[in-house]
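Student: Position 65 of the sequence shown, counted from 1, bears residue number 163 in my numbering, the numbering being contiguous throughout.
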Amino acid sequence: MTGHLKAISDYSGVPLNQVLDLPYALFKAYLRDSWVENMLSNEEGRKFLETCWRIGQTHADEQAIKEYQQLKGGV
């Protein structure tokens with residue numbers, strides 16, 4: 099837990115001893131944002147975030163499908 103508090107403090111600039119006094123929604127937002135920033139700091143983390151984004155997509159990339167079909171001979 100202390101690691102999360104330190105990450106929030108470093109990310110947001112809120113003093114460490116005041117992090118637990120943040121409103122819950124703001125605490126959770128800072129926690130998420132500090133985690134994302136940490137993941138973006140290295141190649142493995144960026145790949146993980148890209149995979150998460152791709153899995154979360156609900157609409158087909160119609161342009162990519164069309165290009166793929168053209169490459170494969172008009173499937």
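Cβ coordinates follow ideal geometry from the N, Cα and C atoms, glycine included. Fair warning: this is a prediction, and the values are worked out from it, not measured in the lab.
What would DSSP say about valine 112, mapped onto helix, strand or coil?
Tutor: Of the three classes helix, strand and coil, the one that applies to valine 112 here is coil, per DSSP.
Student: Just to confirm before moving on: does the CB-CB distance between leucine 129 and isoleucine 106 stay below 8 Å?
Tutor: Against a cut-off of 8 Å, the Cβ pair of isoleucine 106 and leucine 129 comes out as a contact.
Student: Given tryptophan 133, which residues of its chain have a CB within under 8 Å of its CB, disregarding the five upstream and five downstream residues?
Tutor: The answer, listed in chain order, is Ala105.
Student: So the alpha helix (DSSP H) leucine 118 belongs to, where does it begin and stop?
Tutor: That residue, leucine 118, is in no alpha helix (DSSP H); it is neither H nor E in DSSP.
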